[in-house]
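Numbering (my numbering), first residue to last: 864 to 937.
Glycine residues also receive a C-beta, built at the ideal position from the N, C-alpha and C atoms.
Let me begin by presenting the structure, written as structure tokens, before commenting on it.
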Amino acid sequence: MILKKNCKKIKRIINKLIDRVLGYMLAIMFAFSFFITEDLVIKIILSGVMGVILIGFTAVSMYIESIDIKLAGI
864 MILKKNCKKI KRIINKLIDR VLGYMLAIMF AFSFFITEDL VIKIILSGVM GVILIGFTAV
924 SMYIESIDIK LAGI
């Protein structure tokens, strides 16, 4: 029972962290799109890198959510 409560707390903390990081990354991408107007190649590379990072964090968030569903079934 204690382990289950601790896992839920850890899951909530990680989900909040991931949500904040995703929000900050979107804000950074939005800001860079305004400041980098001269070099299209840099903008494309930066958008690609940020997109890959966002996909990675989204995958981790989905994995944590599936773990939570499995823990709820225990």
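Backbone secondary structure at residue i - three-state DSSP
i, result
"D902", "coil"
Closest Cα partner of residue i within the set the options
i, options, result
"V923", "I873, K872, I877 and M892", "I877"
* **Stretch-stretch touch, CB-based, cutoff 8 angstroms, three pairs: the segment 925-933 with the segment 898-916** => no
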